[in-house]
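Below: one structure, written as structure tokens.
Residue numbers (the numbering used here): 272 to 421.
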């Protein structure tokens, strides 16, 4: 009987030639990289979203424009949870809107029930007759309008 034909003349190599390499350096690098990305995102995110005062002024601007346009769903959606529970969408303009054209002033820091808030002055110009109200904006799943004072 003849010897079988082999594709390779060498004996098969062992599956594990020796001790494996340590990957601790790679794991440490991945951990440090993840922390660096998280810290970078925390620093850069406010640059895209704007400060609390900028967000408050933007929300009040959109809120007053939505009321002026008769967009009850948008204006109601920009209210905090307490105000949404108190008012129906078609009642928002009656509670917040004044006659004339609204202009939004510069927000100042304030407080609402012990929570940090931004107080945004809104002046309504009705042909020379000015009415100014203060809208309170809180951070609640984004900036939300949560009350007014005359």
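Ideal placement from N, C-alpha and C gives every residue a C-beta, glycine not left out. Remember, predicted model here, so these are calculated numbers, not experimental data.
- Counting C-beta atoms within 10 angstroms of its own C-beta, residue 382 has fewer than 16 neighbours from the protein chains shown and is therefore classed as exposed.
- Residues of the same chain with a CB within less than 6 Å of the CB of residue 379, apart from the 5 flanking positions on each side, are 390 in chain order.
- Leaving aside the five residues that flank residue 364 on each side, the residues in its chain whose CB is nearer than 6 Å to its CB run, in chain order, 338.
- Rounded to whole angstroms, the Cβ separation of residue 408 and residue 330 is 6 Å, and the two are in contact under 8 Å.
- DSSP, reduced to helix, strand and coil, places residue 358 outside both helices and strands of the structure shown, so it counts as coil.
- For residue 397 against residue 370, the beta-carbon gap comes to about 4 Å, under 8 Å, which counts as contact.
- With a cutoff of 7 Å on beta-carbon distance, residue 373 and residue 335 are scored as near each other.
- Setting aside the 5 residues that flank it on each side, residue 418 is surrounded in the same chain by 407, each with a C-beta closer than 6 Å to its C-beta; the list follows chain order.
- Looking at the DSSP output, residue 382 sits in a beta bridge with 387.
- Within the same chain, 334, 337, 338, 363 come within 6 Å of residue 346 by CB-CB distance, once the 5 residues on both sides are set aside.
- Going by DSSP, residue 418 is part of no alpha helix (DSSP H) but of the beta strand (DSSP E) stretching over 414-420.
- The Cβ atoms of residue 411 and residue 351 lie closer than 7 Å to each other.
- By the criterion of a C-beta distance shorter than 6 Å, residue 355 is surrounded by no residue of its chain, once the five residues flanking it on both sides are discounted.
- With 16 or more other Cβ atoms from the protein chains shown falling within 10 Å of its own Cβ, residue 416 counts as buried.
- The continuous stretches of beta strand (DSSP E) do not include residue 366, which lies in the alpha helix (DSSP H) extending over residues 363-367.
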